[in-house]
Structure formats: C-alpha cells, structure tokens
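Peer 1:
Numbering (our numbering), first residue to last: 12 to 234.
And the structure:
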C-alpha cells in the first residue's frame, strides 16, 4: 500500500510538471478561443454572424443556440477574459423555467462539458418553484455551472475517473488517470461556462450566460 502511494505521488508530480510545460487550454465560444484582443475577437464573431447592436459600442447581437442574444466581450488589461450573452427578450416565470431547465439538459448531454458542482447536485428548477418569491424573500440564486473539457479528454473518461473507484491499476493506467484528473481540475478552475437567471422586473426574467477564460482574469497583479 505504501509503495502504491509513493508511485501515485510520483506520477502526480510528473503530471504537474508536464502541465506547466503545456500550452494553456482556454475556453472556446463557437470554436473561437476566448483569448487575444477585443478588436480581433469582434471580427471573428462577425464572421460567425453577429452584428453591431449599438452604434459606437462594442455590443453585438445575433442568434445563439436558437435564441436572440446581446453579446458583450469582457477584458482585463486589454486581453479578452470572457464572453457574456444576454437574452434579448424577457420571459415570464413559466417560460424562463423551461428555458433554464432546457439549457441544463443540453449541457448535461453535451460531450464537451461536465458539471462544475458537487456530484449528483441537481441544477434544474422544480416546476412548482415560485421564482419571484424565492429570489426576493429568500435571496435564492438560480445558476448552473459547467467545465469545458479539453479536446484530449472525453466526457466518459472524465466522469469515470472523477467518480469511479481506483481499484488495482498499473503504473501506466495510474499515470493516465493522473493526467486526466489534472486536466479536469484545470478545466474546472479556468474553463468555466455557466448561466444564471436574472429578474429584470416583477415576474420578468432573462438568462445571462458566461464563457470564462480565468487565465486572463485579474488576480491582483495590478494592486
């Protein structure tokens, strides 16, 4: 047992050193890395069909996942660090529950994502939930978060290694496990995609969606 533990630690250290040498794997939006500078990002988004929404402002509009949205590009030190999508039209409580839960279902079924929450935590909204009351009186927040997996890791691998038993495995398999777990950890930290429900006025809601590149976020370097 002690020998197995030593081997595991050694393999994890090797995987960590390999990670430091690898190029950063950043979040992608419509296949576009959420990185670089805003002018270049705007041109790439225009090529995907987005158009300026407000003259003189870096706000775009277009259709995304079947919904009309406004798109904002977030930057830090002039580098793109996130994409924010806002539903263009408000919905009532019944319709927004359907939209929110449908998004949860789509992310759960998408092979590029795994939940960025505790295992088995339910992120959908119950049909009998009174949104306006829960948000106004109980300050409840409705949001769902996911990790965007790197191309080199399948969803089956990620979920299998994250939730499955270790068992007796060879050093080679242990190294593979360590590498995949490390990539999943990096994705959870730096490649978050999520959405939240916002009440714009009494009984009227929108979905705000976020594609984040945490590598480019402020971490106190300007303090």
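Yeah, the Cβ is synthetic: ideal placement off N, Cα and C, and Gly gets one too.
#1: Nearest-angstrom Cα distance between residue 209 and residue 109?
#2: Applying the criterion that 16 or more other CB atoms from any shown protein chain within 10 Å of the CB defines a buried residue, is residue 229 buried or exposed?
#3: Please list the terminal residues of the continuous beta strand (DSSP E) segment that includes residue 159.
#4: With a Cβ-Cβ cutoff of 9 Å, do residue 37 and residue 226 count as a contact?
#5: Out of 234, 223, 232 and 233, point me to the one whose CA is closest to residue 83's CA.
#6: How long is the line joining the alpha carbons of residue 135 and residue 107, rounded to whole angstroms?
#7: Relative to the alpha-carbon of residue 70, which residue among 78, 85, 77 and 76 has its alpha-carbon at the smallest distance?
#8: Cutting at 8 Å between CB atoms, please list the residues of its own chain near residue 112, excluding the five before and the five after it.
#9: Considering Cα atoms alone, identify which of 158, 40 and 97 is closest to residue 119.
#10: Here's the rule: buried if 16 or more other CB atoms are within 10 angstroms of the residue's CB, otherwise exposed. What is residue 153?
#11: Rounded to the nearest angstrom, what separates residue 142 and residue 212 at their Cα positions?
#12: Would the beta-carbon of residue 97 fall within 9 Å of that of residue 219?
#13: Is it buried or exposed, residue 234, if we count other Cβ atoms within 10 angstroms and call 16 or more buried?
#14: Please state if the CB of residue 99 and the CB of residue 78 are separated by a distance shorter than 9 Å.
#15: Where does residue 109 fall in DSSP's three states?
#16: Kindly indicate which three-state DSSP category residue 163 falls into: helix, strand or coil?
#17: Short of 8 Å in beta carbon distance, which residues of its chain neighbour residue 103, apart from the five on each side in sequence? Order them along the chain.
#18: Just list the residues that DSSP pairs residue 83 with in beta bridges.
#19: Tell me the rounded alpha-carbon separation between residue 231 and residue 48.
#20: Just how far apart, CA to CA, sit residue 124 and residue 166?
#21: Run through the DSSP bridge pairs and tell me what residue 212 is partnered with.
#22: When DSSP labels each residue in this structure, what does residue 147 get in the three-state scheme?
Peer 2: Reading off the structure:
#1: The count along the chain shown starts at 1 and reaches residue 209 at position 198. The count along the chain shown starts at 1 and reaches residue 109 at position 98. Straight-line Cα distance between these residues: approximately 14 Å.
#2: To locate residue 229, count along the chain shown from 1; it is residue 218. The residue in question, residue 229, is exposed, as its Cβ has fewer than 16 Cβ neighbours within 10 Å.
#3: Start at 1 with the first residue of the chain shown, and residue 159 comes out as number 148. Start and end: 154-159.
#4: Reading the chain shown from its first residue, position 26 is the one you call residue 37. Reading the chain shown from its first residue, position 215 is the one you call residue 226. Contact: yes.
#5: Mapped onto the chain shown, residue 83 falls at position 72. It is 223.
#6: The residue you call residue 135 lines up with position 124 of the chain shown. The residue you call residue 107 lines up with position 96 of the chain shown. Going by the C-alpha atoms only, they are around 12 Å apart.
#7: Along the chain shown, one-based indexing puts residue 70 at 59. Comparing Cα positions, the closest option is 85.
#8: Sequence index remark: in the chain shown, residue 112 carries index 101 (1-based). Only 135 and 136 meet the Cβ criterion.
#9: Numbered from 1 along the chain shown, position 108 holds the residue referred to as residue 119. Ranking the options by Cα distance to residue 119, first place goes to 158.
#10: As a first step, residue 153 is located in the chain shown; it is residue number 142 there, counting from the start. Label assigned to residue 153: buried.
#11: One-based indexing of the chain shown puts residue 142 at position 131. One-based indexing of the chain shown puts residue 212 at position 201. When rounded, the distance between both Cα atoms is 12 Å.
#12: Looking up residue 97 in the chain shown gives position 86. Looking up residue 219 in the chain shown gives position 208. In this structure, residue 219 lies closer than 9 Å to residue 97 by Cβ.
#13: Against the chain shown, residue 234 aligns to sequence position 223. So residue 234 ends up on the exposed side.
#14: Translated into the one-based positions of the chain shown, residue 78 becomes position 67. Translated into the one-based positions of the chain shown, residue 99 becomes position 88. Their beta carbons are under 9 Å apart, which means residue 78 touches residue 99 by this criterion.
#15: Looking up residue 109 in the chain shown gives position 98. Residue 109 falls in the helix class under three-state DSSP.
#16: As a position in the chain shown, residue 163 is number 152, starting the count at 1. Reduced to three states, the DSSP call for residue 163 is coil.
#17: Stepping through the chain shown from its first residue, residue 103 is reached at position 92. Counting only Cβ-Cβ distances below 8 Å, and skipping sequence neighbours, we find 214, 215 and 216.
#18: Looking up residue 83 in the chain shown gives position 72. In DSSP, residue 83 forms a bridge with 70 and 95.
#19: Taking the chain shown and counting its residues from 1, the one referred to as residue 231 is at position 220. Taking the chain shown and counting its residues from 1, the one referred to as residue 48 is at position 37. So the alpha carbons of these two residues sit roughly 20 Å apart.
#20: Sequence index remark: in the chain shown, residue 124 carries index 113 (1-based). Sequence index remark: in the chain shown, residue 166 carries index 155 (1-based). Roughly 7 Å separates the two Cα atoms.
#21: Translated into the one-based positions of the chain shown, residue 212 becomes position 201. In DSSP, residue 212 forms a bridge with 215.
#22: In the chain shown, counting from the first residue as 1, residue 147 sits at position 136. Residue 147 falls in the helix class under three-state DSSP.
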